[in-house]
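> Please find one structure pasted underneath; my questions will follow.
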Amino acid sequence: MELVADLLKLSHIAFGMLMVTGLLGSRILNLRAERSDEIDLIWRLTRAAGPFDRLLTIGGPLLLLSGFATAWAQGMPLLGLGAGWVLASIGLFIILAVLVVSVFRPAGMRIEAAIQKAHAEGRMSDDLRRARSRTGAQRLAFWCGDLVTPAIIALMVLKPF
Amino acid sequence: MGWDDVAKLIHVGIAFVFISGLIGRWIVLRRAAAAEDPDTAHELAQAAGPFEWIVIRGGPVILLSGLLTAWAQGYPWLGLTTGWMLASVILLLSPLPLVPLVFLPRGERFAAEMAAAREQGVVTPGLRAAFADPMVALARRWEFVSVSLVVTLMVLKPF
Numbered sequence: 005m006e007l008v009a010d011l012l013k014l015s016h017i018a019f020g021m022l023m024v025t026g027l028l029g030s031r032i033l034n035l036r037a038e039r040s041d042e043i044d045l046i047w048r049l050t051r052a053a054g055p056f057d058r059l060l061t062i063g064g065p066l067l068l069l070s071g072f073a074t075a076w077a078q079g080m081p082l083l084g085l086g087a088g089w090v091l092a093s094i095g096l097f098i099i100l101a102v103l104v105v106s107v108f109r110p111a112g113m114r115i116e117a118a119i120q121k122a123h124a125e126g127r128m129s130d131d132l133r134r135a136r137s138r139t140g141a142q143r144l145a146f147w148c149g150d151l152v153t154p155a156i157i158a159l160m161v162l163k164p165f
Numbered sequence: 007m008g009w010d011d012v013a014k015l016i017h018v019g020i021a022f023v024f025i026s027g028l029i030g031r032w033i034v035l036r037r038a039a040a041a042e043d044p045d046t047a048h049e050l051a052q053a054a055g056p057f058e059w060i061v062i063r064g065g066p067v068i069l070l071s072g073l074l075t076a077w078a079q080g081y082p083w084l085g086l087t088t089g090w091m092l093a094s095v096i097l098l099l100s101p102l103p104l105v106p107l108v109f110l111p112r113g114e115r116f117a118a119e120m121a122a123a124r125e126q127g128v129v130t131p132g133l134r135a136a137f138a139d140p141m142v143a144l145a146r147r148w149e150f151v152s153v154s155l156v157v158t159l160m161v162l163k164p165f
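Residue numbers (our numbering), protein chains in the order written: chain U, 5 to 165; chain W, 7 to 165.
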């Protein structure tokens with residue numbers, strides 16, 4: 005059982021690494037695209053960010069499931085939910101999911117629609133510039149989103165409570 | 007929570023970023039290799055730059071932070087007398103000779119092929135060959151395999 009628990013922990017860490025790859029890759033390429041006013045370059049970079057976004061979509065549920073499976077295999081009661089640091093991690097994960105559904109995805113869809121239109125027209129558009137500009141609340145949400153993953157990793161390593 | 011925990015957290019954080027760099031570089035360069043025109047290939051190869059930056063700097067930093075963590079945790083000889091730690095250090099150092107033997111010379115050839123392709127305005131057979139260079143592919147695969155083995159050793163601590 006100890007080996008099963010270790011292998012599940014290994015898979016959990018691997019999914020965590022895939023998630024971080026997705027987050028980091030998507031941020032790097034989309035930031036590069038945001039700094040450009042050249043529609044062809046924006047198009048290429050945002051298409052290249054696609055696989056990273058898919059890593060996030062696939063990695064999220066797998067990360068959660070493997071985490072619960074690891075807690076179960078390690079003999080933690082209530083799939084680990086009795087431990088403060090696990091509960092806090094799940095809480096942060098839920099915050100991230102809410103941010104994805106309520107802020108990141110709608111913003112991404114608006115930008116994607118504007119990119120598609122600008123690419124079809126072959127030039128940068130005001131629509132795309134508007135879609136890319138963020139309100140103060142959106143900026144805060146993106147900051148929170150960026151901080152959630154390091155915070156979860158810190159909880160997993162330090163297990164502070 | 008002591009200094010050893012902080013050191014371990016830094017080490018783990020660097021490992022996550024390092025592996026993201028390795029996978030990210032692979033994803034972006036694969037797209038660059040599949041590009042139909044040299045400008046797209048060039049722009050995507052440029053976009054792989056930040057991932058490359060992470061990989062180049064991440065290797066030594068991950069090693070140093072690992073040795074620091076071992077010291078903070080009280081392992082003798084910075085952990086090098088513990089089997090899995092010694093194996094990890096050897097695995098982490100193993101891609102080092104690939105830099106002068108493979109990455110630097112093949113990188114120069116790749117840059118020359120890219121410049122020639124951009125000048126001609128087509129993805130030349132030379133550029134395709136440079137993207138598909140089997141030695142570079144093998145070296146990158148070894149980088150990834152060695153790091154994956156290190157992560158496995160860190161989690162399982164088998165010996």
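Glycine included, every Cβ here is placed at the ideal spot set by N, Cα and C.
For A122/W, tell me which candidate among L102/W, P44/W and L35/W has the shortest Cα-Cα distance.
Of the candidates L102/W, P44/W and L35/W, the one whose C-alpha sits nearest the C-alpha of A122/W is P44/W.
> In three-state terms, what does DSSP make of Q120/U?
Q120/U: helix per DSSP, three-state reduction.
> Report, in whole angstroms, the separation of the C-beta atoms of V161/U and K163/W, which I expect to be a contact under 8 Å.
With 8 Å as the limit, V161/U and K163/W do not qualify as a contact, their Cβ atoms being about 15 Å apart.
> If A39/W and A143/W are in contact, beta carbons under 8 Å, what's the gap, nearest whole angstrom?
Not really, about 10 Å apart at Cβ, beyond 8 Å.
> Have a look at I46/U and A122/U and give me their C-alpha separation to the nearest angstrom.
So the two alpha carbons sit approximately 10 Å from each other.
> Whole angstroms are fine: how far does the CA of L98/W sit from the CA of L69/W?
Roughly 7 Å separates the two Cα atoms.
> W9/W lies in the alpha helix (DSSP H); which residues open and close that run?
Looking at the DSSP string, the run of the alpha helix (DSSP H) that includes W9/W is W9 to A39.
> List the residues of chain U that T46/W touches, going by C-beta distances under 7 Å, in chain order.
Within 7 Å Cβ-Cβ: R48.
> Can you tell me which of the three DSSP states D139/W falls into?
Coil, per DSSP.
> Run through DSSP, which three-state label would S40/U get?
Residue state, collapsed to three classes: coil.
> Is DSSP giving S30/U helix, strand or coil here?
Here S30/U sits in helix by DSSP.
> Using 9 Å as the limit for Cβ to Cβ distance, is F19/U near chain W?
No - not a single Cβ of chain W is within 9 Å of the one on F19/U.
> Counting only Cβ-Cβ distances shorter than 7 Å, please list the residues of the region 11–22 of chain W near chain U, keeping chain order.
Answer set for the region 11–22 of chain W: D11, K14, L15, V18, G19 and F22.
> Note down the Cα distance separating A168/W from L73/W, rounded to an integer number of angstroms.
One cannot answer for residue 168/W here, as it falls past the ends of chain W, which runs 7 to 165.
> Can you list, in chain order, the residues of its chain whose CB lies under 7 Å from that of A87/U, leaving out five sequence neighbours each side?
Closer than 7 Å at the Cβ level, and outside the excluded window around A87/U, lie M80.
> A93/W and L84/W: beta carbons closer than 9 Å?
Contact flag unset, no.
> What are the residues of the region 84–114 of chain U that lie near chain W, defined by any Cβ-Cβ distance shorter than 9 Å?
Under the 9 Å Cβ criterion, the region 84–114 of chain U contributes no residue.
> For the structure I just gave you, are there three or more beta carbon pairs, one from the region 113–122 of chain U and one from the region 132–140 of chain U, closer than 8 Å?
Enough Cβ pairs lie closer than 8 Å, so yes.
> So what's L104/U in DSSP terms, helix, strand or just coil?
The sequence shown places Val at residue 104/U, not Leu. In the structure shown, V104/U sits in a helix (DSSP, three-state: H, G or I).
> Which word fits I17/U, buried or exposed, when buried means at least 16 other C-beta atoms lie within 10 angstroms of its C-beta?
I17/U comes out buried.
> Along chain U, in chain order, which residues have C-beta atoms closer than 7 Å to that of E49/W?
Residues of chain U passing the Cβ test: L45 and R48.
> Can you find the residues in the same chain that come closer than 7 Å, C-beta to C-beta, to A9/U, ignoring five residues on each side of it along the sequence?
Within the same chain, A9/U has close Cβ partners T74, A77 and Q78.
> Thinking just about the alpha-carbon of each residue, which of A47/W, G80/W, G8/W and V61/W is nearest to the one in V105/W?
Nearest C-alpha to V105/W: V61/W.
> Closest to G63/U by CA distance: which of G84/U, L27/U and M23/U is it?
Comparing Cα positions, the closest option is M23/U.
> I'd like to know whether the C-beta of R37/W is nearer than 9 Å to at least one C-beta of chain U.
With 9 Å as the cut-off, R37/W counts as an interface residue toward chain U.
> Count the other C-beta atoms from every protein chain shown that fall within 10 angstroms of the C-beta of I98/U, then say buried if there are 16 or more, exposed otherwise.
That one is exposed.
> Using a Cβ-Cβ distance under 9 Å, would A122/U count as near chain W?
For A122/U, the answer is no, since every Cβ of chain W falls outside 9 Å of its Cβ.
> From which residue to which residue does the alpha helix (DSSP H) around R115/W run?
Where R115/W is concerned, the enclosing alpha helix (DSSP H) stretches over L110 to Q126.
> Would you decide whether L35/W is buried or exposed? Buried here means 16 or more other CB atoms lie within 10 Å of its CB.
So L35/W counts as buried.
> With respect to the alpha helix (DSSP H) encompassing P50/W, which residues constitute its N-terminal and C-terminal limits?
Rather than Pro, the amino acid found at residue 50/W in this sequence is Leu. Where L50/W is concerned, the enclosing alpha helix (DSSP H) stretches over P44 to A53.
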